[in-house]
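Beneath this line is the structure, given in structure tokens, with notes to follow.
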Amino acid sequence: MADLKESASGIDGAYGLKSKRTDAFDLSGSNLPCRFEGEVGDMIVCGDIPIEIDGTFYRVMVDPFVPPDPGNVPLDGDGSISAFRFHDGRVDMKMRYIETERYRLERKARKALFGLYRNPFTHHPCVRGAIDSTANTNLIYWAGYLLALKEVALPYAVDPDTLSTIKYDPFESQVRSKTFTAHPKVDPFTNELVVFGYEATGLASLDVATYTLNSNGKKVEEEWLKSPWSSFIHDCALTVNWLVLVMWPFEASLDRMQTGGHHWAWNYSRPAAFIVVPRRKRTKRPSNWAADEKCRVYQWRNCMPLHTAGAWEVEEDDGDIRICVESSRVLDNAFPFFPSDDGRTPSADAKSDFVRWELDLSAPSGSSISDPQVILDLPCEFPRIDERFLTKQYNIVFLDVNIPKTKPNGQTIFQNLNGLAMHSHRSGATTFFYAGENCSVQEPVFIPRNKDAPEGDGWVLAMIERKVINRCDIVVIDTAQFDKPVAVVQLPFHVKAQVHGNWVDSVRREGSEARSLVHEPEEMPISGRGVLGPMI
Numbered sequence: 206m207a208d209l210k211e212s213a214s215g216i217d218g219a220y221g222l223k224s225k226r227t228d229a230f231d232l233s234g235s236n237l238p239c240r241f242e243g244e245v246g247d248m249i250v251c252g253d254i255p256i257e258i259d260g261t262f263y264r265v266m267v268d269p270f271v272p273p274d275p276g277n278v279p280l281d282g283d284g285s286i287s288a289f290r291f292h293d294g295r296v297d298m299k300m301r302y303i304e305t306e307r308y309r310l311e312r313k314a315r316k317a318l319f320g321l322y323r324n325p326f327t328h329h330p331c332v333r334g335a336i337d338s339t340a341n342t343n344l345i346y347w348a349g350y351l352l353a354l355k356e357v358a359l360p361y362a363v364d365p366d367t368l369s370t371i372k373y374d375p376f377e378s379q380v381r382s383k384t385f386t387a388h389p390k391v392d393p394f395t396n397e398l399v400v401f402g403y404e405a406t407g408l409a410s411l412d413v414a415t416y417t418l419n420s421n422g423k424k425v426e427e428e429w430l431k432s433p434w435s436s437f438i439h440d441c442a443l444t445v446n447w448l449v450l451v452m453w454p455f456e457a458s459l460d461r462m463q464t465g466g467h468h469w470a471w472n473y474s475r476p477a478a479f480i481v482v483p484r485r486k487r488t489k490r491p492s493n494w495a496a497d498e499k500c501r502v503y504q505w506r507n508c509m510p511l512h513t514a515g516a517w518e519v520e521e522d523d524g525d526i527r528i529c530v531e532s533s534r535v536l537d538n539a540f541p542f543f544p545s546d547d548g549r550t551p552s553a554d555a556k557s558d559f560v561r562w563e564l565d566l567s568a569p570s571g572s573s574i575s576d577p578q579v580i581l582d583l584p585c586e587f588p589r590i591d592e593r594f595l596t597k598q599y600n601i602v603f604l605d606v607n608i609p610k611t612k613p614n615g616q617t618i619f620q621n622l623n624g625l626a627m628h629s630h631r632s633g634a635t636t637f638f639y640a641g642e643n644c645s646v647q648e649p650v651f652i653p654r655n656k657d658a659p660e661g662d663g664w665v666l667a668m669i670e671r672k673v674i675n676r677c678d679i680v681v682i683d684t685a686q687f688d689k690p691v692a693v694v695q696l697p698f699h700v701k702a703q704v705h706g707n708w709v710d711s712v713r714r715e716g717s718e719a720r721s722l723v724h725e726p727e728e729m730p731i732s733g734r735g736v737l738g739p740m741i
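Set out below in structure tokens:
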């Protein structure tokens, strides 16, 4: 019996031994590292993947290669790309770290050299001049590059097939901003990338740069403005003529950083706010805007509008302009690892929902706006739309949700997302997909059935984390029957939760030299040397 007890102690595979690695939790609450680089060809698929799905699902994870600073937060850690190429009903997978300057320095040292998130005063003196970007937040395909983005710095360019890191700042500092948003927006009608950078001239600065890159990566518009305070401006929304920057009530403080504290602290006295910026110098302004007015700021109460789905503008008969912006919303601080300076932490049961904000551009800057319209009154995050309709009024929204009547058991909104929703604004109908008990769902992507398909007609892909069996799958859901998948792509292991991901259709890469994502053996003639070879 003693032998049996000793064997039982190895149920976790560690036999009571502990790793020296610091725990590094991701936003979904997992502390399991992945740290895998490699490829898997022709993955196992349950069901049938429609052959019309032809392209690559790129997602980026926070996956520290070396044990991080014990005081660091889930937003920090090396960016690792997992790419899934769909073609002819089959899927290949490749995973590789983005070789940022920070990653290369720490991997060479085999230990953490960088301290707290976005605080160079906590870094080892030998790396304070290095680029402190982990490129771990989003991936966008533009001007022939896969851009690995972290809003603390400029993009890293990555090869879309090999996933090798090509260079930093691929657009060669056409704008003097030191930062580049993790959420640039592609205008599908003008084929432009609209970009902003906050804290654009340095730590805790008020400077915000907005600009536009054409399809070749050349700057065609640029404007600079001041934010009301040094705020966390993570996402934005885009209409035909306007850019809306979404300000969270966090505040950066150089004094706090210099004394070893976090870059951000939630400020319960600050509102959520929206900076509205004309996209072009020729954009028609409402009549009461001054000729040299660069932007207006509108505010609501203290809350966190996490991510936007989309936005559109409405011009009234009198020439006034209204902008509608839709976003997920948490009525408190959704990042408890950045508490307020007085130590207050957010409520564990803070309400969250999906809402529509209305901004009247004829109202003076600094005005308070009306309460938003609640579209979905349930915990939800990561809204996505059919991006062929970005900048225009749309009908269909896809979101991660906590399925009604299932019990949330996580501490934040990100840990309670166990399903997907497809909502129609016109009909008011919402259809759900439930991933299952002890499962979490990551940000979805939408793929149109064809280029002329009606809005929202196609497929949704999403990564599912299956916590009990410690594995992940990608579900492929036909929007015509949203409650169950038509195919499941099975990963052979668990991967870290993504921050964001995007679909790049093969059509977008026409004219570029696309290569296989995985190694393909060369064709060889039959040797004739097998035991059943031809008899001579």
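The numbering used here numbers the first residue of the sequence shown as 206 and each following residue consecutively. Ideal placement from N, C-alpha and C gives every residue a C-beta, glycine not left out.
- In its chain, beyond the 5 residues on either side, His-699 have a beta carbon closer than 6 Å to the beta carbon of Asn-675.
- No Cβ-Cβ contact shorter than 8 Å links Met-298 with Ser-285.
- Bounds of any alpha helix (DSSP H) do not take in Leu-595, whose DSSP letter is neither H nor E.
- Scanning its chain for C-beta atoms nearer than 6 Å, with the 5 sequence neighbours on each side dropped, one finds around Val-357 the residues Arg-323, Ser-338, in chain order.
- Under the three-state reduction of DSSP output, Tyr-473 falls in the coil class, being neither helix nor strand.
- Ranked by Cα distance from Asn-236, the first of Glu-715, Ser-552, Lys-672 is Lys-672.
- The beta carbon of Phe-376 is closer than 6 Å to those of Gly-422 in its chain, skipping five residues each way along the sequence.
- Residue pairing from DSSP places Glu-244 in a beta bridge opposite Lys-299.
- Taking a 10 Å sphere around the C-beta of Thr-415, we find 16 or more other C-beta atoms and assign the residue as buried.
- By a beta-carbon distance limit of 8 Å, Val-265 does not contact Val-709. Their separation comes to about 13 Å.
- Rounded to the nearest angstrom, the gap between the Cα atoms of Trp-471 and Leu-625 is 29 Å.
- Taking Gly-548 as reference, the option from Glu-257, Tyr-473, Pro-483, Ser-533 with the minimal CA-CA separation is Tyr-473.
- Shown here, Arg-589 sits in a strand according to DSSP, grouped into three states.
- The way I'd put it, the region 550-559 doesn't touch the region 474-482; fewer than three beta-carbon pairs between them come closer than 8 Å.
- The criterion of a C-beta distance shorter than 8 Å is satisfied by Thr-444 and Ala-516.
- With respect to Gly-641, Arg-654 sits apart: the two C-beta atoms are not nearer than 8 Å.
- Residue pairing from DSSP places Leu-430 in a beta bridge opposite Val-413.
- Inclusion of Glu-563 and Arg-527 in the CB contact set at 8 Å is warranted, their separation being smaller than that value.
- Between Ala-405 and Ala-685, the alpha-carbon positions lie close to 44 Å from each other.
- Contact between Arg-301 and Leu-232 fails: their C-beta atoms lie close to 21 Å from each other, not under 8 Å.
- In summary, Val-482 is buried, with 16 or more beta-carbon neighbours lying within 10 Å of its beta-carbon over all protein chains present.
- Checking the DSSP bridge columns, you'll see Asp-293 has no partner listed.
- In this structure, Ile-590 is the residue among Leu-696, Ile-590, Asp-605, Pro-730 with its C-alpha nearest to the C-alpha of Gly-661.
- DSSP, reduced to helix, strand and coil, places Glu-311 within a helical segment of the structure shown.
- One Cα belongs to Asp-366, the other to Val-519, and the distance between them is close to 41 Å.
- Residue pairing by DSSP puts Cys-644 in a beta bridge opposite Arg-671.
- Between Trp-505 and Ser-629, the alpha-carbon positions lie close to 26 Å from each other.
- Taking all protein chains shown into account, Ile-371 has fewer than 16 neighbouring C-beta atoms within 10 Å of its C-beta and is therefore exposed.
- Here Gln-616 is exposed: its Cβ has fewer than 16 other Cβ atoms, across all protein chains shown, within 10 Å.
- Note on geometry: alpha-carbon atoms of Phe-230 and Pro-279 lie some 6 Å from one another.
- Look at Pro-325 here: in three-state DSSP terms it is helix.
- Selection Phe-619, Asn-707, Val-391 evaluated against Arg-593 yields Val-391 as nearest (Cα-Cα).
- Per DSSP, the beta-bridge partners of His-705 are Val-265.
- In the three-state reduction of the DSSP assignment, Ala-442 falls in the strand class, which pools E and B.
- In this structure, Arg-307 sits away from Ala-353, with a CB-CB distance that is not shorter than 8 Å.
- Comparing alpha-carbon positions, the option among Arg-490, Ala-409, Tyr-503, Met-509 lying closest to Asp-460 turns out to be Ala-409.
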